[in-house]
Amino acid sequence: MQSTRTLKDRLFLILKGLGMGAANKVPGVSGGVVAFVAGFYEEFIYSLQKVNSKAFKLLFNGRFKSFFYYINGRFLGLLFLGMIISYFSISKILDYLITHYQLYVWSVFFGMIIGSIYYISKDFKDWKPTTYLALTIGIAVGLSISFLDPAKENDNLLFVFFCGIISVSGMTLPGFSGSFILILLGNYVLLLVDSVNALYDTFAEVITGDFSFTTNAIRLRMLKVLAVFTLGSVVGLVTFSHVLNYILKHYKSVTIASIIGFIIGSLGVVWPFKETIFKTNNSTFVLDSRGEKIIENYKRYFPDASPETFYAVAFIIIGIAIVLALELYGQKTRQANA
Numbered sequence: 396m397q398s399t400r401t402l403k404d405r406l407f408l409i410l411k412g413l414g415m416g417a418a419n420k421v422p423g424v425s426g427g428v429v430a431f432v433a434g435f436y437e438e439f440i441y442s443l444q445k446v447n448s449k450a451f452k453l454l455f456n457g458r459f460k461s462f463f464y465y466i467n468g469r470f471l472g473l474l475f476l477g478m479i480i481s482y483f484s485i486s487k488i489l490d491y492l493i494t495h496y497q498l499y500v501w502s503v504f505f506g507m508i509i510g511s512i513y514y515i516s517k518d519f520k521d522w523k524p525t526t527y528l529a530l531t532i533g534i535a536v537g538l539s540i541s542f543l544d545p546a547k548e549n550d551n552l553l554f555v556f557f558c559g560i561i562s563v564s565g566m567t568l569p570g571f572s573g574s575f576i577l578i579l580l581g582n583y584v585l586l587l588v589d590s591v592n593a594l595y596d597t598f599a600e601v602i603t604g605d606f607s608f609t610t611n612a613i614r615l616r617m618l619k620v621l622a623v624f625t626l627g628s629v630v631g632l633v634t635f636s637h638v639l640n641y642i643l644k645h646y647k648s649v650t651i652a653s654i655i656g657f658i659i660g661s662l663g664v665v666w667p668f669k670e671t672i673f674k675t676n677n678s679t680f681v682l683d684s685r686g687e688k689i690i691e692n693y694k695r696y697f698p699d700a701s702p703e704t705f706y707a708v709a710f711i712i713i714g715i716a717i718v719l720a721l722e723l724y725g726q727k728t729r730q731a732n733a
C-alpha cells in the first residue's frame, strides 16, 4: 500500500491533509467529507484502526519499522503533516477570509456540501425502508444540531479532553462537523483559536531565542489545554475509527445512508446567507457582561436579487466544481492503483 505511491501521489496526499485540516476548523464543514470525496476515506479509516494492541506491542518491542509499516505510517504521516501545516497556515488565511469575505467563503463551502451529497449518493443503490429511515434520522439529527444554542467556555481539563474526543468525529464521520460541535460545547474559541495561536506564538518566540513564555501563566495554561485537547483527539480518532470500521463492515448501507443524511442536515449550518458567522463587536468575537468570549447562533436570511447574491451563487458553483474535480482525481487514482 505504501510502496505504490509516486512522489506526485505523496504531494497530493499532503494537499489532501491541508484540505482536511482547513475543513475541520470551519464550523459546519467536515474533514471526513474531504476524505470521502477525494477517494481515500476507507484507507484512512483502515489505517487508523490498525493502531491497536498489536501496533503498540511492535512499538514497545522496538520494532519501529514494522510498527510504521503495520499502521500504514507513510500514508498517515503525510496526511497529518498536511493537517498540521494547515492549522498554522491555511487555517489562518481561512480565518481572515471568513472574517472579511464570509458570504463568498460560505458559498464555496455550501457548494462543496452539495457536491458531496451528489458524490456520495450517486452510486448508492441500496434504498429500502431501513436506509430511508437512516437517511431521515441523519437529516433530522443534522438539522437539530444546527439550531442548538451554544454553551459557555469551559477550560476544565477533563472537559477539554472530552471535547477532543468529540471534535475529532468530523474526521471519521463525513457530514458531522467537529468544529461546530465545539461551538455548541462553548470551546471553539479556546481550543481552535486561542490555544493554537498560543502554540504558534510560542514557536515564533523560541525561534528568536525568547523563552519568556515559561513565566507566562496564561500561555502555559493555553499550551496545557492544547496538549490535553490533542490527547483527547488522538484517543477519539483511534476509538471512532475502530467503531466506524465495525459499523461499515456490518451495516454499510445504513451507515452510508446516515452519512448522506448528516451531510444534507449540515446544509443548514453552512447556509451562506447569514448576518454573522460569530456574533461580533469589532473582531471575531463578542464579550458578555463579565468580559468572557461567547459565540451566538447564526442569523440566517434569504437573499435578494443583488449583485452580491449573484456572486455568491457563482461561488456556490465553484464549490460544486471543486468537489467534482476531486471526484475525477479520485477516480483516476483508484484506476491507476487497480
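Its first residue numbered 396, the sequence shown is counted upward by one per residue in this note's numbering.
For each residue, glycine too, the CB sits at the ideal point set by N, CA and C.
Cβ-Cβ separation, residue j to residue i (assumed contact under 8 Å), whole Å
i: residue 440; j: residue 636; result: 5 Å
i: residue 590; j: residue 576; result: Contact doesn't hold; Cβ gap of about 17 Å is too wide.
i: residue 587; j: residue 420; result: 6 Å
i: residue 413; j: residue 480; result: 6 Å
Proximity of residue i and residue j at Cβ, strictly below 7 Å
i: residue 707; j: residue 667; result: yes
i: residue 408; j: residue 473; result: yes
i: residue 627; j: residue 554; result: no
i: residue 719; j: residue 510; result: yes
i: residue 431; j: residue 665; result: no
i: residue 656; j: residue 530; result: yes
i: residue 502; j: residue 659; result: no
i: residue 735; j: residue 558; result: Outside the shown range of the chain (396 to 733) lies residue 735, about which nothing can therefore be said.
i: residue 738; j: residue 521; result: In the structure as shown, the chain begins at 396 and stops at 733. Residue 738 is therefore absent and cannot be evaluated.
i: residue 608; j: residue 614; result: yes
Length of the line joining the Cα atoms of residue i and residue j
i: residue 634; j: residue 438; result: 16 Å
i: residue 462; j: residue 405; result: 20 Å
i: residue 494; j: residue 582; result: 19 Å
i: residue 648; j: residue 602; result: 51 Å
i: residue 662; j: residue 537; result: 9 Å
i: residue 373; j: residue 605; result: Nothing about residue 373 can be read from this structure; the chain reaches only from 396 to 733.
i: residue 336; j: residue 632; result: With the chain running from 396 to 733 in the structure shown, residue 336 is simply not present.
i: residue 639; j: residue 654; result: 12 Å
i: residue 592; j: residue 496; result: 22 Å
i: residue 456; j: residue 449; result: 11 Å
i: residue 411; j: residue 427; result: 11 Å
i: residue 673; j: residue 465; result: Legend: pLDDT at residue 673 = 45, less than 50; position of this residue unreliable, value from coordinates given subsequently. If you take the alpha carbons of residue 673 and residue 465, they lie about 43 Å apart.
i: residue 629; j: residue 700; result: 46 Å
i: residue 595; j: residue 483; result: 7 Å
i: residue 650; j: residue 643; result: 6 Å
i: residue 703; j: residue 532; result: 35 Å
i: residue 687; j: residue 471; result: Note that residue 687 scores a pLDDT of 45, beneath 50, so its modelled location is shaky; the value from the coordinates is reported in the next line. Computed Cα separation, rounded: 38 Å.
i: residue 524; j: residue 652; result: 11 Å
i: residue 500; j: residue 477; result: 21 Å
i: residue 678; j: residue 492; result: For residue 678, the predicted model reports a pLDDT of 43, less than 50, meaning its position is unreliable; a value from the coordinates is still stated below. If you take the alpha carbons of residue 678 and residue 492, they lie about 13 Å apart.
i: residue 498; j: residue 469; result: 38 Å
i: residue 442; j: residue 458; result: 18 Å
i: residue 467; j: residue 697; result: 47 Å
i: residue 692; j: residue 460; result: Since pLDDT at residue 692 reaches only 46, below the 50 mark, its modelled position is unreliable, and the value read off the structure follows with that caveat. Using only the alpha carbons, I get a separation of about 48 Å.
i: residue 425; j: residue 611; result: 34 Å
i: residue 418; j: residue 451; result: 30 Å
i: residue 447; j: residue 716; result: 38 Å
i: residue 564; j: residue 599; result: 30 Å
i: residue 534; j: residue 433; result: 23 Å
i: residue 513; j: residue 597; result: 43 Å
i: residue 572; j: residue 566; result: 8 Å
i: residue 517; j: residue 436; result: 17 Å
i: residue 623; j: residue 548; result: 16 Å
CB contact check: residue i to chain B, cutoff 7 Å
i: residue 439; result: In the structure shown, chain B cannot be found, because there is only a single protein chain.
- For the region 491-548, list the alpha helix (DSSP H) runs that are entirely contained and at least 4 residues long, ordered along the chain. 497-517 and 524-541
- Message: To test your reading of the DSSP string, which unbroken alpha helix (DSSP H) runs of 4 or more residues are found completely within the region 414-485?
- Response: 426-433, 436-444, 448-455, 459-465 and 468-483
- Message: Which runs of the alpha helix (DSSP H) at least 4 residues long sit entirely within the region 574-601? Give them in chain order.
- Response: none
- Message: Give the list of continuous alpha helix (DSSP H) stretches no shorter than 4 residues that lie fully inside the region 595-665.
- Response: 612-645 and 647-661
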